[in-house]
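K.L.:
In full-length UniProt numbering, the protein residues as written are 1 to 202.
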Amino acid sequence: MNATEKRISAAAMRLFAERGSLDLTMSDLANEAQVARGTLYRNVQSVEHLFQKILEDLAVEIHAKNKGALDGANVQDPPARLATGIRLLVRQAHDNPSMGRFFVRFGLTDESLRGILTGPPMRDVHTGISTGRYTVPQSMELSIASLLSGATVSAMWMVLEGHQGWREAGSSAAELVLRALGIAADEASSIAAADLPAQPEG
């Protein structure tokens, strides 16, 4: 992605988050991105296409960052992986408020964003259930996915609205989810408060 495409994408993300819909014109986008309309038309097929591209780019970026952090620190225990993933997402919302607001607006309604929030984490949930780390049955998969996405998006909102810092919000959400999955209170608190691994640069 070149510099112009990055500017357009960042501007579109801000506008989508502010408006809570795809209801924006090319003129709106050109003004927000501070690019000529001709430049915009050369880079953007349609507003809908741009929205989907933002989703795809976010999925690639977030999965790469979180997987790199987890693998780099050799985090293997399913509850630790799940808690760390939640906390890293909340931290990313703090570090990139436009991305965070985009998740808060669309994270519970858009299928692709729900996939970002629940895809890799649900693999860790399945591993945790099959190895006996969690006490919930596999049949509760949809409810667990809803809990994961709801807790993560709510924590992002708490941070963006200034109600909690990212550390507190992320750890609280992670502990809540772990306890709901059957991890004992003391262990859930300890896992959710552990040092976060470093995220890969870029």
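Note that CB positions come from ideal geometry on N, CA and C, so glycine has one too.
Given a threshold of 16 other Cβ atoms within 10 Å of its Cβ, counted over all protein chains shown, does E48 qualify as buried or as exposed?
P.N.:
The residue given as residue 48 occupies position 48 in the sequence shown. Under this definition E48 is an exposed residue.
K.L.:
Alpha carbons only, please: which of T131, L40 and V90 is nearest the one belonging to R165?
P.N.:
For this step, residue 165 is matched to residue 165 along the sequence shown. Note on identity: in this sequence residue 165 is Gly, with Arg being the wrong assignment. Selected option, being the one with the closest Cα: V90.
K.L.:
Please classify E161: is it buried, with 16 or more other beta-carbons within 10 angstroms of its beta-carbon, or exposed?
P.N.:
Translated into positions along the sequence shown, residue 161 becomes position 161. So E161 counts as exposed.
K.L.:
Apply the 10 Å Cβ neighbour rule to A198 and answer buried if 16 or more other Cβ atoms are within range, or exposed otherwise.
P.N.:
By 1-based counting over the sequence shown, the position of residue 198 is 198. With fewer than 16 other Cβ atoms within 10 Å, it is exposed.
K.L.:
Measure how close the beta-carbons of V136 and G100 come, nearest whole angstrom, since I'm counting them as under 8 Å.
P.N.:
Along the sequence shown, read from residue 1 onward, the residue named residue 136 stands at position 136. Along the sequence shown, read from residue 1 onward, the residue named residue 100 stands at position 100. The Cβ separation is near 28 Å, so there is no contact.
K.L.:
How far does the alpha helix (DSSP H) with H163 in it reach, from first residue to last?
P.N.:
Counting from one through the sequence shown, the residue named residue 163 turns up at place 163. Per DSSP, H163 belongs to no alpha helix (DSSP H) and is neither H nor E.
K.L.:
Roughly how many angstroms separate the alpha carbons of V75 and M13, rounded to a whole number?
P.N.:
Counted from its first residue, the sequence shown places residue 75 at position 75. Counted from its first residue, the sequence shown places residue 13 at position 13. Going from the Cα of V75 to the Cα of M13 covers about 32 Å.
K.L.:
Round the Cβ separation of A155 and A169 to the nearest angstrom and send it over; I've been treating them as touching at under 8 Å.
P.N.:
Here the question's residue 155 lines up with position 155 in the sequence shown. Here the question's residue 169 lines up with position 169 in the sequence shown. Confirmed, about 4 Å.
K.L.:
Use the C-beta contact count for Y41: other C-beta atoms within 10 angstroms, 16 or more gives buried, fewer gives exposed.
P.N.:
Position 41 of the sequence shown, counting from 1, holds the residue named residue 41. Burial call: exposed.
K.L.:
Please state whether DSSP places R133 in a helix, a strand or coil.
P.N.:
In the sequence shown, counting from the first residue as 1, residue 133 sits at position 133. R133: coil per DSSP, three-state reduction.
K.L.:
Using a 10 Å radius around the Cβ and a threshold of 16 neighbouring Cβ atoms, would you call T109 buried or exposed?
P.N.:
Here residue 109 refers to the residue found at position 109 of the sequence shown. T109 comes out exposed.
K.L.:
Where V35 and R19 are concerned, what is the direct C-alpha to C-alpha distance, given to the nearest angstrom?
P.N.:
The residue labelled residue 35 in the question sits at position 35 within the sequence shown. The residue labelled residue 19 in the question sits at position 19 within the sequence shown. Spanning the two alpha carbons is a distance of roughly 20 Å.
K.L.:
Quick one: what does DSSP say G20 is sitting in, helix, strand or coil?
P.N.:
Working through the sequence shown from its first residue, we reach residue 20 at position 20. Coil.
K.L.:
Thinking C-alpha only, which one of K53, S130 and L176 is nearest G150?
P.N.:
Stepping through the sequence shown from its first residue, residue 150 is reached at position 150. For the residues K53, S130 and L176, the minimum Cα distance to G150 belongs to L176.
K.L.:
Would you report the Cα separation of S17 and S130, rounded to the nearest angstrom?
P.N.:
Within the sequence shown, residue 17 is the residue found at index 17, counting from 1. Within the sequence shown, residue 130 is the residue found at index 130, counting from 1. The sequence given here places Ala at residue 17; Ser does not occur at that position. Distance between the alpha carbons of A17 and S130: 38 Å.
K.L.:
Does the Cβ of R133 have 16 or more other Cβ atoms within 10 Å, making it buried, or fewer, making it exposed?
P.N.:
Taking the first residue of the sequence shown as 1, we reach residue 133 at position 133. Buried.
K.L.:
Classify V60 as helix, strand or coil using the three-state DSSP reduction.
P.N.:
Taking the first residue of the sequence shown as 1, we reach residue 60 at position 60. Helix at V60.
K.L.:
Alpha carbon to alpha carbon, what distance is there between L15 and S21?
P.N.:
As a working note, residue 21 is residue 21 in the sequence shown. As a working note, residue 15 is residue 15 in the sequence shown. S21 and L15: Cα-Cα distance of roughly 9 Å.
K.L.:
Alpha carbon to alpha carbon, how far is L50 from A180? Give it in angstroms, no decimals.
P.N.:
Here residue 180 refers to the residue found at position 180 when the sequence shown is read from its first residue. Here residue 50 refers to the residue found at position 50 when the sequence shown is read from its first residue. The alpha-carbon atoms of A180 and L50 are separated by roughly 37 Å.
K.L.:
Under the three-state reduction of DSSP, which class applies to P197: helix, strand or coil?
P.N.:
By one-based count along the sequence shown, residue 197 stands at place 197. P197: coil per DSSP, three-state reduction.
K.L.:
If we count the other Cβ atoms within 10 Å of its Cβ and call it buried at 16 or more, is G72 buried or exposed?
P.N.:
Along the sequence shown, read from residue 1 onward, the residue named residue 72 stands at position 72. With fewer than 16 Cβ atoms within 10 Å of its Cβ, G72 is classed as exposed.
K.L.:
What's the call for S27, buried or exposed, on a 16-neighbour Cβ count within 10 Å?
P.N.:
Position 27 of the sequence shown, counted from the start, is the residue given in the question as residue 27. By the neighbour-count rule (16 or more Cβ atoms within 10 Å), S27 is not buried but exposed.
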